[in-house]
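Have a look at the structure below, then the notes.
Numbering (the UniProt record's numbering), first residue to last: 1 to 304.
Below, the structure is given as structure tokens:
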């Protein structure tokens, strides 16, 4: 399948949710001379991305009031957490119309289904985010790998490819069936990262034989559900994902662990609950999910 034609006029771009992933995308765009409008909950004068090549400052400000938005945009990157979609509805109304392409930079395999009801008929483009970015105590974001997105090959993808062309963020296009497989592979990775929350530990925990065994069993449980949903993933995927965790720096965390440490609501449903829900739908036993999911849900409720 040939790639979609690129727009001949530079698109107007906004980014909603300048957290770790959002800051990385904003920095990539700014570096290429395509600085997006920044929108979020917290007013900031700028964003800072840290990496091996030094710091990159993205000029703001971060706008916090959707009522001040005067016009819609061609492309909206949505990097708020799935737990914040409902609260983001005023932003969608202000930034989007039926022609706005909405690229969702969120975890999970239900991105389109969850966000589409809040949009004014805008085309929704799910993505798979393949880079480790961590927010630091000073508010900056530490990018600890090369940024890469996988997007489905659809008519709407051209505007995203054009926006990110020539930036530090690589874009890969996948046919629908391949995208399903890749999205579920990333979902399995996200699900296992939830074990960090329950242990209160970072990547070093996966060097323990007992944790490695638990992670493998959990991955194989999710793999059965993923295949029932149409993902084409071999048996080796479970061991490959575990090996990725074991190869991480010992102090590498995950976004769900960062949320737990900060006392924020957790994305437990789209990362872990989905395996349990789809397993039940397909009649697949999910004994590990049946233990992990309620514990994560309880942790998301906060103290007390």
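C-beta: ideal position from N, C-alpha, C; glycine also.
Every value quoted in this text rests on a predicted model; they were computed, and no experiment measured them.
Pairing residue 98 with residue 122 gives a Cβ-Cβ distance under 9 Å. Under the three-state reduction of DSSP, residue 110 is assigned to coil, being neither helix nor strand.
In this structure, the CA atom of residue 42 is about 29 Å from the CA atom of residue 151. Listed in chain order, the beta strand (DSSP E) elements of length 3 or more contained wholly in the region 147 to 204 are 148 to 152 and 170 to 174.
Excluding residues up to 5 positions away in sequence, 107 and 271 lie with their Cβ nearer than 6 Å to the Cβ of residue 190 in the same chain.
Cα atoms of residue 239 and residue 216: separation of roughly 7 Å, rounded to the nearest angstrom. Rounded to the nearest angstrom, the gap between the Cα atoms of residue 52 and residue 103 is 27 Å.
Under the three-state reduction of DSSP, residue 274 is assigned to helix. The region 193 to 204 and the region 252 to 268 touch, with three or more beta-carbon pairs separated by less than 8 Å. Rounded to the nearest angstrom, the gap between the Cα atoms of residue 92 and residue 112 is 14 Å. Residue 134 sits close to residue 252, with the two beta carbons spaced by under 9 Å. If you look at residue 143, you'll find it in the beta strand (DSSP E) that goes 141 to 143. With the rule of 3 Cβ pairs closer than 8 Å, the region 32 to 49 does not count as touching the region 219 to 231. In this chain, the alpha helix (DSSP H) harbouring residue 210 covers 209 to 228. Of the candidates 180, 192 and 184, 192 places its Cα closest to the Cα of residue 255. When rounded, the separation of the alpha-carbon atoms in residue 127 and residue 180 is 10 Å. Assignment of residue 72 by DSSP, reduced to helix, strand and coil, places it in the coil class. Counting the other Cβ atoms within 10 Å of the Cβ of residue 282 gives fewer than 16, which makes it exposed.
The C-beta distance from residue 166 to residue 10 rounds to 12 Å, too long to fall under 8 Å, and the pair is not in contact. Here the C-alpha atom of residue 162 lies approximately 21 Å from the C-alpha atom of residue 71. With respect to the 9 Å criterion, residue 13 and residue 57 are not classified as neighbours on the basis of their beta carbons. When DSSP reads this structure, residue 46 sits in a beta bridge with 59. Scanning 250, 186 and 148 for the CA closest to the CA of residue 196 turns up 250. Between residue 206 and residue 242, the C-beta gap is smaller than 9 Å, which places the two residues in contact. In chain order, 14 place their CB closer than 6 Å to the CB of residue 37, counting only its own chain and leaving out the 5 sequence neighbours on each side.
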